[in-house]
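Single-structure report; data block below.
Residue numbers (the numbering used here), protein chains in the order written: chain C, 10 to 680; chain Y, 10 to 680.
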């Protein structure tokens, strides 16, 4: 970034006093922001607890993020460790415990800039898979952070496909040890957070070999650094220190004994996939919406009533050189442009839609957990299909949303100081970890195909898939654009598309197989369409759940009304931007699609009025947004100016003496 | 990034010896890679010159990019200056001149990591707008880099809408000076590259005031730093030093005299918009395709013939714990998965499509320039509409393409070492500068609406818009999926959609105005659809031009055949992924859309065979790709391993002594 003042701006800092352009947006809210915040938190009491946690953390200078955007990777790492360590003291001081109501708000309050994130996964793995002896030995140490754990699964050459892992663990009956080895470069453990620099212990996944026979992937507890001086333990010594037999149940003579319920582990990992949605995916999108929306009512550009010339002129400098300007008339807020509304408001609607989807999934998982406690595992396939599909759909949708918000802020959105690039970097990662999205969607698709086959054969299917049995060949009954504001109409449209995509792909799959194509080749030739079917399934459930949630909302405080608008927008935007799926078999006609478009564009203008209150309801503090564009007071330019001055790029660079001076003084030859 | 070796990999460096998985892809090329490279360069002689420039630059250690990914922003700046300064010597040594055939390859060879990029714009502005006296004084100094120029247009508060600029230039008849001033924080000049740290002079755009009357935006030459010690010149001193009267033609008494042809300036800026497409947009996409495609034939994951369990199993660790692995059978290259082909190959087709679009635009501009030399400005509106629309469409399409390539490489794509994140950061910027894309698309839309009205009234319209007169209400004549491999069929489909979107939006606009809505409000209410129309227009021209280019290609060496496949893929992918536009008025039926889908998916499998030769033809050196995933030898894992060791993050961090040790030794309380 570069800036120049030809003369010092007269204006002093106005930070804190709310920009009138932003203040006016708040005066016209059609609903109670505080009530909506409480709804999002799950109750006013939860809001109170969350704010208390945020206040305690943000008032502590050790957790400051002020210079974050100017830090090197090493400086960011150091800060993350400092915060992680200080957090232990803080929790003790505040009396927060891992099981207390405050705990879940700590991560959000820290905006994730904290180390040891895999420590809990390490502890959970030990608790779930370890022997009583291991638990007794390691968990107390880990709880006090006398050791720091990591989770070493991914290798340089293998990620999602764990069967392909190349690290081996050979049981040596003589020494009663497991010899872990990474025989090739591609077998090297790669990516696990904290392992490279912080962790003293890790859970290493390796192919177990006993007497030359491979027993597949098993986890091994490995100490990787000295607890005394943090020096890296040499390979073989590590192994000798562990007692993995107690996890693997391998008898001294090498007899292999299975243990543990595969299904419970399976459930645990599916739960992890859901748990990341809120903090890692929804929060970044909500922050991006807050930043971009507030900026879009502060930023003014051109006139809505410009006089033909402005629109007809090219966006070029020189062509404007001799044109008289007419700055008397005020420029329009960019959020008043339909195109800007069409960029931001669907992202806002998606943030709310997926927040409620997340509630739905959490509830389903709690139910599933209760069933499993009764040794009933019937819900697992459905839970797996939903967690896989929604992890992929929500991370992709929200990542695209953050990018749209960033681009909608132009050059300033592109600047680190907007906070948007770091949100994008964070959310993009969520598309990659915890299962690659395309593979996850194919998991969901396989579930759908199975359910469709079962349903067609009149067999029972899980609740979320029963609709697949109801193959209707009706047409969309909508008569005018207002009909498309009726949830029954659009929910049925989404359902119809999901059924059509699943059934047509199932048919293609069968045709290919009947025509002699091998099963796996046939599957591969259908995967592009299978992915579409899985997305349609999730989109249908998200729309249905949003509409049902709105139904249940209290009518007071205008909450239900505005949520209904957002639900309609979410549904119609999906139809508008994916119209081919709805038009394909003429379920929806072109004339009806015009009604959808019309209702959709009308909604943009309606929701635009409440855009700022709707992002205010997310209740992010300025510190958590850490954005020069998105602060509550809307003092965008003053903040950019003041923050830019903190940048090391605005200090004199050695480049002048080294390179520029000889060039400018024409003494280059002497170089 | 974090890595762990439980034992040192036995394998030594194999860099240089081509990975067999990549080598095998090259043995089956259906065409001559060298011939295609020459076609892309515009002739074998051009290829020779380009390679000579690349060789000269890459063999010079001063231009090395080796540690680029580990540099701080200040270090990158210093390197960019070092390279820019050294480039002057290099050009002198090599005998390269700004008008020589080598010049256009220098920037590509440097991958843009060089300072003073605005210096040429500065020089061009002086040459075009300066007085003879200014040109005589400044151009020689600038040519020898005795001064460094910048271009200060954008302000904190205004970008694309230049009329809104707030910097003022008040003519003082007493001192015969212009007093430049940025009266508010939002008026501060922001963004101009080099200005913040390197430049000594800049062209400042300001509202000219004479005797209290505003004459609009004018450029002023301002010296901002001392040529002696590079210290920042205090505001008013700067002004006194310049002689802007000679640009602005203001007589001593303050009489304002216009000069220069607005139209020529206008043409110049439109040309700039075109010129950025090749280096700033197409090159990054071609590099991303090269990296992702090569990686996708080296990376292996899971089996195509997996045995049901693998696909049915969740992508979770623990569920796989007790499953026997079967690693004897080799895993599949990820490019053999239809879903991976569907991610990468359309981006590859787009890279070729837009390369030829760029040729078409360049040719059109040369023609336009010849006309202008004859004082014929008739082509300007069309050139402006095309340059605006294609700048927006190509930057958006290619930015999305780079992101898809990045995500298609999973975690390794997300790593800086892949080269993909820096390509994404670079190309994303192109969506923002030289005119915000939505505004540019609306410029094109306005041109289309005018042409449509004119055409409907039987008046003549520019060549690229004549098709708007040919409003057909026919249906798509395709009978089977092979018909969709006929350019006539898909070109007409694209044309039909462009006409429909333009005409329907024109009708909506008229209806609104006739119903009493004010013109500017009516326009605003149509902008979402106007943007769709502009995109459809550009997409139609791109498809048509690609097909016409293929027609003209020599049939030998298999070039025409493979280019025809890519043209078909580009066209069908556009229909497949935007099917609603084609289904809307039933021009294309659902059954025909199934044919499109079928032909599209068939093409993926066909082009996949030539995927590696097709990216090899882009002819990027390993140094220019600077990617651990994309190098010619395909030694992905070894390179990641070796490069990671250069990272400062793999050195011991002070965080241990400061924070970790007290924590692990449980002496925190003493902190």
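A virtual CB, placed ideally from N, CA and C, is assigned to each residue, including glycine.
6 Å CB neighbourhood of residue i in its chain, flanking five on each side removed
i                     : result
residue 597 (chain Y) : 485 and 591
residue 439 (chain Y) : 289, 290 and 404
Under 9 Å by beta carbon: chain C residues contacting residue i
i                     : result
residue 536 (chain Y) : 346, 347, 348 and 351
residue 438 (chain Y) : 420 and 423
N- and C-terminal bounds of the alpha helix (DSSP H) containing residue i
i                     : result
residue 399 (chain Y) : 389-417
residue 291 (chain Y) : Unbroken run through residue 291 (chain Y): none, as it is neither H nor E.
residue 630 (chain C) : From DSSP, residue 630 (chain C) is part of no alpha helix (DSSP H); its letter is neither H nor E.
residue 443 (chain C) : Note, residue 443 (chain C): premise wrong, no alpha helix (DSSP H); not H, not E.
Residue-level contact to chain C via CB, residue i, 8 Å cutoff
i                     : result
residue 540 (chain Y) : yes
residue 483 (chain Y) : no
residue 683 (chain Y) : This structure leaves residue 683 (chain Y) out entirely; chain Y is present only between 10 and 680.
residue 311 (chain Y) : yes
residue 129 (chain Y) : no
residue 253 (chain Y) : Below a pLDDT of 50, predicted positions are generally treated as unreliable, and residue 253 (chain Y), at 45, falls in that range; no measurement from the model is reported.
residue 602 (chain Y) : yes
residue 250 (chain Y) : Interpretation of residue 250 (chain Y) is limited by its pLDDT of 31, a score under 50 that renders its predicted location unreliable; the figure taken from the coordinates is listed afterwards. No, no contact with chain C.
residue 186 (chain Y) : no
residue 588 (chain Y) : yes
residue 491 (chain Y) : no
residue 163 (chain Y) : yes
residue 572 (chain Y) : no
Short Cβ contact (8 Å threshold) for residue i with residue j
i                     : j                     : result
residue 643 (chain C) : residue 27 (chain C)  : yes
residue 507 (chain Y) : residue 549 (chain Y) : yes
residue 418 (chain Y) : residue 304 (chain Y) : yes
residue 56 (chain Y)  : residue 46 (chain Y)  : yes
residue 198 (chain C) : residue 161 (chain C) : yes
residue 500 (chain Y) : residue 552 (chain Y) : yes
residue 367 (chain Y) : residue 287 (chain Y) : yes
residue 513 (chain Y) : residue 453 (chain Y) : no
Chain Y within 8 Å of residue i, Cβ atoms only
i                     : result
residue 595 (chain C) : yes
residue 27 (chain C)  : no
Chain-ordered chain Y contacts of residue i [CB-CB under 9 Å]
i                     : result
residue 297 (chain C) : Correct list: empty, because the minimum Cβ distance to chain Y is about 15 Å.
residue 100 (chain C) : Result: empty, since nearest Cβ-Cβ is about 12 Å, beyond 9 Å.
Contacting residues, own chain, Cβ-Cβ under 7 Å from residue i (five flanking each side not counted)
i                     : result
residue 292 (chain Y) : 117
residue 605 (chain C) : 493, 581, 584 and 585
residue 354 (chain C) : 578, 613, 616, 617 and 620
residue 44 (chain Y)  : 566 and 568
Chain C contact residues for residue i, given Cβ-Cβ distances below 8 Å
i                     : result
residue 340 (chain Y) : 170 and 173
residue 91 (chain Y)  : 664, 667 and 668
Where residue i meets chain Y, residues with beta-carbon distance less than 8 Å
i                     : result
residue 673 (chain C) : 154, 155, 156, 157, 209, 236 and 239
Cut-off 8 Å between Cβ atoms - residues of its own chain near residue i, not counting five sequence neighbours on either side
i                    : result
residue 95 (chain Y) : 69, 71 and 72
Bounding residues of the beta strand (DSSP E) (the contiguous stretch that carries residue i)
i                     : result
residue 211 (chain C) : 210-219
residue 149 (chain Y) : From DSSP, residue 149 (chain Y) is part of no beta strand (DSSP E) but of the alpha helix (DSSP H) over 141-152.
residue 225 (chain Y) : 222-232
Partner residues on chain Y for residue i, Cβ-Cβ distance less than 7 Å
i                     : result
residue 67 (chain C)  : Within chain Y, no residue comes near residue 67 (chain C); the closest Cβ sits about 20 Å away, beyond 7 Å.
residue 382 (chain C) : Result: empty, since nearest Cβ-Cβ is about 18 Å, beyond 7 Å.
residue 87 (chain C)  : 662, 663 and 664
Residue i: contacting residues in chain C (beta-carbon distance under 7 Å)
i                     : result
residue 447 (chain Y) : 348
residue 496 (chain Y) : Residues of chain C passing the Cβ test: none, with the nearest at roughly 22 Å.
residue 592 (chain Y) : 589, 592 and 593
Closer than 7 Å: residue i CB and nearest the ligand HEM heavy atom
i                     : result
residue 497 (chain Y) : Questions concerning the ligand HEM fall outside what the structure shown contains, since it holds no ligand whatsoever.
Partner residues on chain A for residue i, Cβ-Cβ distance less than 7 Å
i                    : result
residue 82 (chain Y) : Within the model displayed, chain A is absent; protein chains C and Y are what it includes.
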